[in-house]
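Worksheet for the structure shown next.
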Ligand code: ADP
Ligand code: MG
């Protein structure tokens, strides 16, 4: 007989358990999704070990997940024939949280009224079983011959016990869940079946409940488009992302030459509110011949397309390719660049054919997309997909493309003008903009701080340099024909009359301001404001100066 050793849960696990058990009553059924997802991960890992030639205990065992119900002791058991865990692994894996962003997650759950979405987004894992369990007993047998079976048990309160097990286990993990009194609904076979159909239907290993296979659908990305219904696409999307809404876009591609791959990609309706705090979470699932190689691969798509969800499957990659060597694989890199252009072309088509749809896309995902100013290889496509607010828009929500701007530039206008500020109102009341308003010249309004980085990085659109109105060249402006000739002429007369008074006034002002300014000059561009600050023609804009000052601290 081996004695059990007691361990205390790490502090963050205790916090998580406390929240799970006390505040998340309505979404309890997802405990089963989490156990099945772990079983599936363990089977994927085992398959990976086998394909790369590792020696595996009981290699003839089928790869599957089985769920049994015991009405006597009011328990259900979820078993898999996956990779299993040894003593050291089980003690560590089921006692700590390795996931990044856990702190933020816990804070958000504690603050929110309905945590279902948050849970969906994070996937809360093994510990969710304590929403329904008064005790959990995990027995596991690692795939390595030399490892002994182990047993882990806990009531989820503060500690857990681990011991070497006497049981004869072929391989894998078996999780016995002794249900709380108020969770006995999960003893019903139909209830388990409906949860599996809802949350785990696309798991790529068979799931049996009391010897009946429940999940039916498999790799739908490999099937021809025409054979898949909208409902199936949506169901798969929800399975993949845990989103509760259907996706905004579905991109399903099958490419045969020069390299074979299938891609099934989705653009969610809503942006991921946690993208910026949990930057690890984006990426596509990479399969080779229907075998999962990597969850959330980050090299198939650049980060600025990180809002895209989905899977890519190729026949042309070796099954035993390792995650570490993927990036150096020529075929993989070709697939990646093809997937990236697929997404960019899709967006270009959408922008052309569905203005409203594209505007919705931009509103949700534009913030992430803008990060693409570093993608030099796809620069032209990227620039065409950008949207900005402009002085010609009816309000701050409307956006235009640079192509549209260029299409309505004034006669003799050589530059594309932009102005930045904290919001549209501030920009439109900036004295620098007056001459542009007066002449009917369109000005891009940049009020997202990233906009100016984007503009500075791209520098020009086609042959038109992008210029801040603060740095606009007076001569260039003079050459642009005004909408209102009359007001121009009036101004001319006025200024002739005032000319003699100006020079002495300017001299005085210069003396008073001294070193604080480079020069004081008479301006032709102001209409309503008496004076304004300008930077030297190629100088930094005031916002850029602010950004630089901040980062230089
Ligand atoms: P995650 O799945 O996000 O890693 P979980 O809390 O769901 O987090 O699981 C924690 C860890 O416990 C897993 O990463 C895995 O190492 C281990 N684990 C859980 N269930 C199993 C299982 N059925 N077979 C093998 N290992 C498992
Ligand atoms: Mg998990």
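In our numbering, the protein residues as written are 100 to 652.
In this text, a Cβ means the ideal position worked out from N, Cα and C, and glycines have one as well.
On a predicted model such as this, the values are computed, not experimentally measured, just so you know.
Going by DSSP, residue 258 is part of the beta strand (DSSP E) stretching over 258-263.
At the C-beta level, residue 449 and residue 457 come within 9 Å of one another. Shortest Cα-Cα distance from residue 324 to any of 256, 364, 576 involves 364. Runs of the alpha helix (DSSP H) spanning 4 or more residues and lying entirely within the segment 156-228 occur at 186-192, 201-210, 215-221, in chain order. Rounded to whole angstroms, the separation of the alpha carbons of residue 420 and residue 305 is 25 Å. Take residue 507, set aside five residues on each side of it, and the residues of its chain with a beta-carbon closer than 7 Å to its own are 541, in chain order.
DSSP places residue 455 in the uninterrupted alpha helix (DSSP H) bounded by 454-468.
Among the bridge pairs identified by DSSP, residue 311 is matched with 308. Burial check for residue 201: the Cβ neighbour count within 10 Å reaches 16 or more, so the residue is buried. Fully enclosed alpha helix (DSSP H) runs of no fewer than 4 residues occupy 478-484, 501-506, 523-527 of the segment 470-528, in order along the chain. In this model, residue 308 and residue 164 are separated by some 9 Å (Cα to Cα).
Between residue 509 and residue 580, the CB-CB gap stays under 9 Å. Taken through DSSP and simplified to helix, strand or coil, residue 393 comes out as strand.
A direct Cα-Cα distance of roughly 7 Å separates residue 527 from residue 490. Residue 478 sits away from residue 500, with the two beta carbons spaced by 9 Å or more.
Exclusion of the five residues before and after residue 435 leaves 398, 399 as the residues of its chain whose Cβ lies within less than 6 Å of its Cβ. If you draw a straight line from the Cα of residue 495 to the Cα of residue 459, it comes to about 14 Å.
Within the same chain, Cβ atoms closer than 6 Å to the Cβ of residue 246 are found at 185, the five residues on either side in sequence being excluded. With respect to the 9 Å criterion, residue 418 and residue 390 are classified as neighbours on the basis of their beta carbons. Between the C-alpha atoms of residue 282 and residue 176 there is a straight-line separation of about 14 Å. Around the C-beta of residue 394, fewer than 16 other C-beta atoms lie within 10 Å, and the residue is accordingly described as exposed.
In the same chain as residue 127, and ignoring 5 residues on each side of it, the C-beta atoms closer than 6 Å to its own belong to 230, 231, in chain order.
Nearest neighbour of residue 187 by Cα position, chosen from 270, 627, 312, 240, turns out to be 240.
Ligand 1 has a heavy atom closer than 8 Å to the beta-carbon of residue 137. Taken from the Cβ of residue 224, at least one heavy atom of ligand 2 lies inside 8 Å.
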